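Numbering (the numbering used here), first residue to last: 9 to 232.
All residues carry an ideal CB built from backbone N, CA and C; glycine is no exception.
Predicted model, so just to flag it, every value in this text is computed and none were measured.
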């Protein structure tokens, strides 16, 4: 084998190796993000189950104040720890979704504005692929936001159950005072999921981010 042949073989292996490495890296990255998302949703649902369990026990045994406070502490710590551990992951997933969404809009402007329509099969295929990417990237933050919002709704029901339990005791009783204190804490909105204390994780947050991104995009197009 001549030197030129060896060089060509090496170039072929190198050109084949780089796509393989890129593909494997992408697969590992997507697998990691999927597993992490599933774990995050499981954690949120477990906290939600604890909220439901606390609410049911509060209705059946309103006099067990120690048990109620302990359950509330577990739920509160779970929400706080979730925001500290997974808040930045949620922000990262949301940023990926917004960037993909803006990239699709910008591509449509670049292609449609000169021609007035999508005429090339390559352009149509690119729009379909980018649309799939946007859809997949939106699944993570949307699913997590819906799960957190569901738990927050259950927390509101817990507050209503706490106020309902107060009616079973005398105003001067220790149980009434403790339940009133717990109801005040619940009413202050402490039971909520936050992304590292930057934003609250809920459905309206996703819609607000999309609205802000769309408004920013429209402002750019006006000067484009």
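Item, Value
"Cα-Cα separation between residue 78 and residue 179, rounded to whole angstroms", "23 Å"
"C-beta contact flag for residue 156 and residue 52 at 8 Å", "yes"
"Buried versus exposed call for residue 94 [16 or more other C-beta atoms within 10 Å across all chains shown]", "buried"
"Bridge partner(s) assigned by DSSP for residue 168", "Its beta-bridge partners do not exist; DSSP assigns none."
"Simplified DSSP state of residue 8, which is helix, strand or coil", "The structure shown does not extend to residue 8, since the chain is modelled only from 9 to 232, so the question has no answer here."
"Other residues of its chain near residue 225: CB distance less than 8 Å, five sequence neighbours each side excluded", "110, 113 and 114"
"Sub-8 Å separation of residue 194 and residue 163 beta-carbons", "yes"
"Whole-angstrom distance between residue 136 and residue 57, CA atom to CA atom", "39 Å"
"Backbone CA spacing between residue 166 and residue 192 [nearest angstrom]", "12 Å"
"Own chain, CB closer than 7 Å to residue 221, minus 5 neighbours either side, in chain order", "106, 109 and 110"
"Residue 175 to residue 61 span [Cα, whole Å]", "21 Å"
"Within 8 Å, strictly: CB atoms of residue 203 and residue 92", "no"
"Close-in-space but distant-in-sequence residues of the same chain around residue 138 (CB under 8 Å, 5 per side omitted)", "108, 111, 112 and 115"
"Three-way DSSP call (helix, strand, coil) for residue 208 in this model", "strand"
"Nearest-angstrom Cα separation, counted from residue 230 out to residue 87", "42 Å"
"Assigned secondary structure, residue 177 (DSSP; H/G/I helix, E/B strand, else coil)", "coil"
"Burial state of residue 43 (16 or more Cβ within 10 Å)", "exposed"
"Helix, strand or coil at residue 182 according to DSSP, with G and I counted as helix", "helix"
"C-beta atoms of residue 190 and residue 83 nearer than 8 Å", "no"
"Chain-order list of residues whose beta-carbon lies under 8 Å from that of residue 55 (same chain, five-residue window excluded)", "83, 86, 87, 90 and 159"
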